[in-house]
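K.L.:
Take a look at this one; I'll ask things after.
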Amino acid sequence: ERLAFAGADDHMDGSTAAVAVLLPGQCLIGNVGDSEVVLGTRNGHGRVEVRVLTELHSPSRNEAEARRVEALGVGLRQGRLAHPRFNPRVLSLAVSRAIGDLGFKDARFTGGAP
């Protein structure tokens, strides 16, 4: 639905996102792209401890993500997703999952390639 909306007006922009929902007794988290959810707490000595709760969807910063996109047939150039039809030196993405980025998802621009 979002891609159809974006395609109607050729919106080519994209974004990453992270969310945390606090419920009684639990915290639900999610992310897409290179946005992260980080939990900061104080230990028994009053020192701040930080834990990253999400995984980056960036091939240059996450080796498992790089392997995943390469297995799908997506080209990588210097850790960035290469556009399937245009020179990746001109058009590439730093993240492998994002909201939007119609130019990388719509077959009109990709020729149906991943």
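Heads up, the sequence shown is in our numbering, so the first residue is 4 and it goes up one at a time. Positions of the beta carbon are idealized from the N, C-alpha and C atoms, including for glycine.
Pairing CB atoms from the region 30-41 with CB atoms from the region 10-19, are three or more of them under 8 Å?
P.N.:
Touching, yes, given that three or more Cβ pairs across the two stretches are closer than 8 Å.
K.L.:
Which residue from 47, 98 and 30 puts its Cα closest to that of residue 63?
P.N.:
The residue labelled residue 63 in the question sits at position 60 within the sequence shown. Residue 98 is the option with its Cα nearest to residue 63.
K.L.:
Quick one: Cα of residue 91 to Cα of residue 31, how far?
P.N.:
Within the sequence shown, residue 91 is the residue found at index 88, counting from 1. Within the sequence shown, residue 31 is the residue found at index 28, counting from 1. Their Cα atoms are separated by approximately 36 Å.
K.L.:
Taking just the CA atoms, how far does residue 42 sit from residue 51?
P.N.:
Within the sequence shown, numbered from 1, the residue matching residue 51 stands at position 48. Within the sequence shown, numbered from 1, the residue matching residue 42 stands at position 39. Looking at the two C-alpha atoms, the distance is approximately 10 Å.
K.L.:
Can you look up residue 44 in the DSSP assignment and give me helix, strand or coil?
P.N.:
Within the sequence shown, residue 44 is the residue found at index 41, counting from 1. Looking at residue 44 - three-state DSSP - the assignment turns out to be strand.
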